[in-house]
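Engineer: Quick one: structure below, then a few questions.
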Amino acid sequence: MQPFTQQVIDIIRAIPSGKVMTYGQIAATAGSPRGARQVVRILHTMSDKHGLPWHRVINAKGEIAITEDESRFLQKIILEEEGIKTNEAGRIDLSVHRYNG
DNA sequence: GCCATGGCTAGTA
DNA sequence: GCCATGGCTAGTA
1 MQPFTQQVID IIRAIPSGKV MTYGQIAATA GSPRGARQVV RILHTMSDKH GLPWHRVINA
61 KGEIAITEDE SRFLQKIILE EEGIKTNEAG RIDLSVHRYN G
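Counting from 1, one number per residue, gives the positions in the first sequence under UniProt numbering.
Next comes the structure, spelled out in structure tokens:
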């Protein structure tokens with residue numbers, strides 16, 4: 001496992017319930033401001049194994065970015081259970097819910 | 001070659 | 001809506 005990957009995993013783990021971070025924000029915190037897509041890949045391949053709170057990661061617009069329908073719906077439900085609601089436009093208010101690593 | 005991005009711009013209203 | 005981006009992995013040799 002590469003240092004960047006380990007960093008990203010640690011950062012995602014530390015996001016508390018009721019808060020979210022963006023892909024780019026996590027990448028930047030891990031020391032690679034352009035590495036947003038790596039965060040995507042890491043979530044994809046390592047969420048299960050490492051028990052990551054994958055649902056607390058959204059895109060920079062405040063949207064749920066998952067493309068697969070079932071998981072997308074699941075993410076919305078879990079976030080709601082944690083007190084995070086999406087507005088009519090499907091957006092989450094980052095000014096309220098963003099976690100600053 | 002993948003990818004659940006992000007940021008900028010052209011084009012509409 | 002377009003496209004540059006980058007760290008890693010699956011798959012081949």
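Even for Gly, the Cβ is constructed at its ideal location relative to N, Cα and C.
1. Cα-Cα, which of 51, 71 and 76 is closest to residue 62?
2. Kindly indicate which residue of 68, 10, 2 and 53 has the alpha-carbon position closest to the one of residue 82.
3. Quick one: what's residue 98 bridged to in DSSP?
4. On the CB-based measure, 16 or more other CB atoms within 10 Å of its CB, does residue 6 come out buried or exposed?
5. Along the alpha helix (DSSP H) that carries residue 3, what are the first and last residues, could you check?
Structural biologist: By the coordinates alone:
1. Numbered from its first residue, the first sequence carries residue 62 at position 62. If we check each option's Cα against that of residue 62, 76 comes out closest.
2. For the purposes of this step, residue 82 is taken as the residue at position 82 of the first sequence. By alpha-carbon distance to residue 82, the top candidate from 68, 10, 2 and 53 is 53.
3. If you number the first sequence from 1, residue 98 lands on position 98. Assignment of beta-bridge partners to residue 98 by DSSP yields 20.
4. Counting from 1 along the first sequence, the entry for residue 6 is found at position 6. Exposed, since its Cβ has fewer than 16 Cβ neighbours within 10 Å.
5. Here residue 3 is taken as the residue at index 3 of the first sequence, counted from 1. For residue 3, the uninterrupted alpha helix (DSSP H) segment begins and ends at 3 to 13.
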